[in-house]
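Beneath this line is the structure, given in structure tokens, with notes to follow.
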Amino acid sequence: MTTASFTIQTNDSSQIETLKEILKALKIKFEFNTADKPYNPEFVAKIQESDKQYKEGNYKTIATKDLWK
Numbered sequence: 005m006t007t008a009s010f011t012i013q014t015n016d017s018s019q020i021e022t023l024k025e026i027l028k029a030l031k032i033k034f035e036f037n038t039a040d041k042p043y044n045p046e047f048v049a050k051i052q053e054s055d056k057q058y059k060e061g062n063y064k065t066i067a068t069k070d071l072w073k
């Protein structure tokens, strides 16, 4: 099986539906993901918690020379 990714930009949702119908007619398995799909809520919560900790001064600074120690 070969996998290919496409980015399709359109303001007309009927075009997306037409593409889906074409792929179905050709018996091609497909998966549609939309750009407005939200991030994983758990991931967002982790990022927000880290941002909060940073703003409160709860973080550790590591000098560049010490990164590989």
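Numbering-wise (the numbering used here), the sequence shown opens with residue 5 and increments by one.
Even for Gly, the Cβ is constructed at its ideal location relative to N, Cα and C.
Span of the alpha helix (DSSP H), counted from its first residue to its last, around PHE47: 45 to 59
LYS73 in three-state terms, based on DSSP: coil
Residues of its chain near LYS47, where Cβ-Cβ distance is below 6 angstroms and the 5 sequence neighbours each way are ignored: Sequence inspection shows Phe at residue 47; the Lys mentioned does not correspond to that position. The answer is none, since no qualifying residue turns up.
Three-way DSSP call (helix, strand, coil) for GLN13 in this model: GLN13: coil per DSSP, three-state reduction.
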